[in-house]
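Report on one structure; see the data block that follows.
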Amino acid sequence: MTSELSNDNGKKKPRHPWDWYVEQQWVTHALVDMISLDDDVTYLDPFCGMGNIPMALRQRGLQAYGTDKFTRTNHPLFLGEHDFLGDQHHMMEAEKALSIIMNPAFSFQDGVLVQGLSLRICRRALEMATHKVAALVPLKWLSSETRYQFFMKTRPQILVFSERPSMPPGNEIEALGDKAWKRGKVDYMWLVWDKQNPHAYDHSPTLWIPPREKLKKPKVAA
Numbered sequence: 060m061t062s063e064l065s066n067d068n069g070k071k072k073p074r075h076p077w078d079w080y081v082e083q084q085w086v087t088h089a090l091v092d093m094i095s096l097d098d099d100v101t102y103l104d105p106f107c108g109m110g111n112i113p114m115a116l117r118q119r120g121l122q123a124y125g126t127d128k129f130t131r132t133n134h135p136l137f138l139g140e141h142d143f144l145g146d147q148h149h150m151m152e153a154e155k156a157l158s159i160i161m162n163p164a165f166s167f168q169d170g171v172l173v174q175g176l177s178l179r180i181c182r183r184a185l186e187m188a189t190h191k192v193a194a195l196v197p198l199k200w201l202s203s204e205t206r207y208q209f210f211m212k213t214r215p216q217i218l219v220f221s222e223r224p225s226m227p228p229g230n231e232i233e234a235l236g237d238k239a240w241k242r243g244k245v246d247y248m249w250l251v252w253d254k255q256n257p258h259a260y261d262h263s264p265t266l267w268i269p270p271r272e273k274l275k276k277p278k279v280a281a
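Residues in the sequence shown are numbered from 60 upward in steps of one, following our numbering.
Structure (structure tokens):
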């Protein structure tokens with residue numbers, strides 16, 4: 060998750076203190092359209108926010124649930140508050156067949172910059188999952204001396220969005236109205252690891268997610 064909103068004068072708005080930025084469901088649908096996901100696996104989003112990722116996965120027939128550090132939805136797929144990086148494990152993390160699909164916090168916790176936060180989250184997800192891990196992160200995440208060794212040891216598949224997703228802060232969506240989903244300003248990608256076939260690649264295969272078809276406005280008769 061990362062901030063992409065600016066004020067009218069062009070200055071960047073302050074980040075959400077917990078890096079809560081919300082993806083639309085089409086972002087997850089695009090992932091499902093690009094990779095193979097097993098029907099007999101449970102899918103967990105440990106940063107589910109409003110529950111968009113679990114809901115999108117359910118729409119594609121997958122058994123999906125979500126947790127979060129805070130209660131941000133009353134949807135039945137939300138299984139309660141849980142600190143993914145905390146000492147206690149959630150019951151979902153004990154599933155025999157588990158994949159984790161998430162839009163993780165990028166770098167801020169309680170308004171404080173936490174170096175390497177998103178990397179810690181991805182490492183934890185790879186420890187817990189038995190099948191796939193998919194993380195929605197900014198494209199710039201690839202460029203990092205810190206993450207270089209991580210990528211060399213755990214090579215993900217890279218799915219780059221041709222269309223920039225909107226990613227507004229969750230606490231401002233209602234006030235923003237239609238502007239919340241107008242257009243994105245940050246390049247994003249899905250990184251996908253397959254725990255069932257961890258040495259499938261000696262490189263990171265890269266694919267481009269095509270943009271959505273634009274709705275044509277009906278012609279008005281003269």
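Ideal Cβ positions, reconstructed from N, Cα and C, are used throughout, including at glycine.
Per-residue DSSP class, three states only, for residue i
{"i": "I217", "result": "strand"}
{"i": "D127", "result": "strand"}
{"i": "T87", "result": "helix"}
{"i": "I94", "result": "coil"}
{"i": "L136", "result": "coil"}
{"i": "Q168", "result": "strand"}
{"i": "K191", "result": "strand"}
Burial state of residue i (16 or more Cβ within 10 Å)
{"i": "F129", "result": "exposed"}
{"i": "K199", "result": "exposed"}
{"i": "S225", "result": "buried"}
{"i": "K191", "result": "buried"}
{"i": "D261", "result": "exposed"}
{"i": "A123", "result": "buried"}
{"i": "P257", "result": "exposed"}
{"i": "L172", "result": "exposed"}
{"i": "N68", "result": "Low confidence applies to N68: its pLDDT is 48, below 50, so where it sits in the model is not reliable, and the reading given next is rough at best. Exposed: under 16 other Cβ atoms inside 10 Å."}
{"i": "N162", "result": "buried"}
Residues sharing a beta bridge with residue i, DSSP
{"i": "Y247", "result": "P197"}
{"i": "S158", "result": "Y102"}
{"i": "E233", "result": "According to DSSP, E233 bridges with nothing at all."}
{"i": "T205", "result": "Its beta-bridge partners do not exist; DSSP assigns none."}
Contact belief for residue i with residue j at Cβ below 8 Å, rounded distance in angstroms
{"i": "F210", "j": "S166", "result": "Rounded, the Cβ-Cβ distance is 18 Å, inconsistent with contact."}
{"i": "C107", "j": "F137", "result": "6 Å"}
Residue i beta carbon near the ligand SAM (any heavy atom closer than 8 Å)
{"i": "T213", "result": "Of the ligands one can find in the structure shown there are none, so the ligand SAM has no counterpart to examine."}
Quiz item: Are three or more beta carbon pairs between the region 96-105 and the region 148-159 nearer than 8 Å?
Solution: yes
Practice problem: Spell out a yes or no on whether the region 260-273 and the region 219-228 are touching, meaning 3 or more CB-CB pairs, one atom from each, closer than 8 Å. | Solution: yes
Quiz item: Would you say the region 81-91 touches the region 106-115, given that touching needs at least three Cβ pairs under 8 Å?
Solution: yes
Quiz item: Okay, do the region 173-181 and the region 116-132 touch, 3+ Cβ pairs below 8 Å being the bar?
Solution: no
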